[in-house]
Amino acid sequence: MVVYLVLAGPDEANQFAAGAGLVVALLALAAPYLLPVAGGAAPMLEPDRAEDTGNARAAAGGQANTGADITGDGGPAQVVRSGDATADGPGSTANTGIVRRPRP
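Below, the structure is given as structure tokens:
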């Protein structure tokens, strides 16, 4: 190709290079739509969900949870209309939202 461009002269070589550049640019624009995605699409994770949970009460170091208590890496989580959680006494805890805990 270099020999052709040298023998063709500067004007014809310029036109050839412009055409080749156009083809490469169009291929670069089309490639994401024409080529498959490597590894496939990632699956959508269903959220851990707590809804309309009612009320909870903890005393004497206990735990009251009306939300979501998630162990592990955890994907999406959602809490909707959780009930009241109350904790009385030392060491007691209450949760109406989302608690994420590491895996044991």
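Numbering (UniProt numbering), first residue to last: 1 to 104.
Think of the CB as a built atom: it goes at the ideal place given N, C-alpha and C, for glycine as much as any other residue.
When R100, N65, I98 and V80 are compared against T86, the one with the closest alpha-carbon: N65
Any 3 or more C-beta pairs closer than 8 Å across the segment 75 to 91 and the segment 45 to 63: yes
Validate contact between the segment 81 to 96 and the segment 55 to 65 using beta carbons, cut 8 Å, 3 pairs: yes
Per-residue burial, A18 [other beta carbons within 10 Å of its own, 16 or more giving buried]: exposed
Contiguous beta strand (DSSP E) assignments of at least 3 residues, all confined to the segment 50 to 76: 56 to 59, 63 to 65 and 68 to 71
CB of A68 within 8 Å of CB of V79, strictly: yes
Simplified DSSP assignment, three categories, for D11: helix
Other residues of its chain near Q63: CB distance less than 6 Å, five sequence neighbours each side excluded: T93
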